[in-house]
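Colleague: One structure is given below, represented as structure tokens, and several questions about it will come after.
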């Protein structure tokens, strides 16, 4: 929400944003030339390489367009964001080099030095620009005054964030609500400036720059009346919808051909996020398969000689958007059930083979799902897919169960590293899994995926719930 802050001096701010957009490309190209000079002859940075690096920097190494987002971000989050975007850029650059068979044209020493030094320069630039933006806004504008219509958790949270973020230069003068102080239970730091009907006159009598209307959606008629009453003022007016009464997943605002919309339930993997996750999935899957190929062959032989049946067990499960997929596993049972009714594996289950028990306890039976990842049917991290029969059972019993299919199912997930493995003999156990899956959708980040992968490795060796 930039406009209440950048009402003045917006042209200078636009210049700063333009500099932020262009300088990363300049830094990366300058670092490339500096590295070449450092190492001397042996590499000619062609115009094609310069153009590709410049375009990738302009697309990927970008600060948030919303200045308020920049001001609210911490230095650590800014550094992590730059590193993540730079790694994504390098991955794309290597992919382009592999496809065009031009990797051998670039000396490895030059590329590695450039790849390590450039992010250091980018981080220094990002932090410097962040500080310049903060200092500029802090000195350019006087504190501006805001009032809030409605005293509720949403308006309190808004006021607290404005207070914590001094760069916004907004001070809340008071709240307006038709309820009394006793009914509202106002804290000592809050001021009730009057009833809703007093707002218009208050704005005329007191300097007010911004008005936030934070009334519940059910009071939309009162919101419309307030807008009519406040037309005779010059204050900026913003409606703060109380959408948090809903169970939101990846909520964000946007527009469709100029019509404002609010996403209330959406996948976290949109835009570059989806590209980044897919590149990570493919890269790590190929690496793991290459490293573990001898082990996979050995496990396949053990499964084949230990009992009758196929080495790979395929079972129908629901994938992205609830579409049916075939999931691969090393066979661990004497049966290959995939019908309308499937009994979950339990401790001391007689259907499990001796080799199968070892594979299930170590989760090595899941390794063939790396092929599912390469096929685009699964991800390394995401909600674990359940058999179709179990899905059809639990979707009727657990509210929001199918929302976990807004993303690709994963080989491992937040539920699994949080202790929700093994048989779900009680409904509460499956409810706990679903709750963790939905939390993953709400709070996804690249760092969360990395954390889950690391915890998965740790828990493989000390999990007594896998059988």
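In our numbering, the protein residues as written are 115 to 581. Glycine included, C-beta positions come from ideal geometry on N, C-alpha and C.
1) Over what stretch of residues does the beta strand (DSSP E) that includes residue 308 continue unbroken?
2) Determine the closest residue to residue 133 out of 427, 408, 227 and 243, with distance taken between C-alpha atoms.
3) Does residue 534 come within less than 8 angstroms of chain D when only Cβ atoms are used?
4) Answer yes if the segment 470 to 490 comes into contact with the segment 525 to 535, meaning at least three C-beta pairs across the two stretches below 8 angstroms, and no otherwise.
5) Report the option in 325, 318, 301 and 288 whose CA atom is closest to the CA atom of residue 308.
6) If you draw a straight line from the alpha carbon of residue 384 to that of residue 364, how long is it in whole angstroms?
7) Give me the Cα-Cα distance between residue 581 and residue 229, rounded to the nearest whole angstrom.
8) Buried or exposed: where does residue 149 fall if 16 or more other Cβ atoms within 10 Å of its Cβ makes it buried?
9) Indicate whether the contact test is met: 3 or more Cβ pairs, each with one atom in the segment 290 to 306 and one in the segment 256 to 276, closer than 8 angstroms.
10) From which residue to which residue does the alpha helix (DSSP H) around residue 420 run?
11) Have a look at 350, 310, 323 and 319 and flag the residue whose alpha-carbon is nearest the alpha-carbon of residue 337.
12) Confirm, please, whether the CB-CB distance from residue 232 to residue 142 is below 8 angstroms.
13) Measure the C-alpha to C-alpha separation of residue 573 and residue 532 and round it to an integer number of angstroms.
14) Roughly how many angstroms separate the alpha carbons of residue 237 and residue 200, rounded to a whole number?
15) Unbroken beta strand (DSSP E) runs of length 3 or more, entirely within the segment 320 to 383: which are they?
16) At what residues does the alpha helix (DSSP H) containing residue 273 begin and finish?
17) Compare the Cα-Cα distances from residue 290 to each of 262, 388, 247 and 165 and report the closest residue.
18) Contact check, residue 555 vs residue 521 under 8 angstroms by CB: the rounded distance?
19) Answer yes or no: do residue 425 and residue 448 have a C-beta to C-beta separation smaller than 8 angstroms?
20) Quick one, are the C-beta atoms of residue 544 and residue 436 less than 8 angstroms apart?
21) When the Cα atoms are used, what is the spatial distance from residue 166 to residue 354?
22) Between residue 339 and residue 349, what straight-line distance do the alpha-carbon atoms span, to the nearest angstrom?
23) Give me whichever residues DSSP pairs with residue 150 in a beta bridge.
24) From the DSSP output, read off the bridge partner residues of residue 530.
25) What does the Cβ neighbour count give for residue 530, buried or exposed, with the cut at 16 atoms within 10 Å?
26) Please determine, among 509, 486, 472 and 564, the residue with the shortest C-alpha to C-alpha distance to residue 428.
27) Keeping to the same chain, check which residues put their C-beta closer than 7 angstroms to that of residue 417; ignore five residues upstream and five downstream.
28) Helix, strand or coil for residue 175 per DSSP?
29) Once you ignore the five residues that flank residue 512 on each side, which residues in its own chain have a CB closer than 6 angstroms to its CB?
30) By the 10 Å Cβ neighbour count, where 16 or more other Cβ atoms means buried, how is residue 188 classified, buried or exposed?
Modeller: According to the data block:
1) 306 to 308
2) 243
3) Judged by its chain identifiers, the structure shown contains no chain D, having just a single protein chain.
4) yes
5) 288
6) 10 angstroms
7) Bear in mind that the predicted position of residue 581 carries a pLDDT of just 49, short of 50, making it too unreliable to give a figure here.
8) buried
9) yes
10) 386 to 420
11) 310
12) yes
13) 10 angstroms
14) 10 angstroms
15) 324 to 327, 350 to 353, 366 to 370 and 373 to 377
16) 267 to 278
17) 262
18) 6 angstroms
19) no
20) no
21) 42 angstroms
22) 16 angstroms
23) Partner(s): none; residue 150 has no beta bridge.
24) Answer is none; residue 530 lacks a bridge partner.
25) buried
26) 486
27) 425, 444, 445 and 469
28) coil
29) 545 and 548
30) exposed
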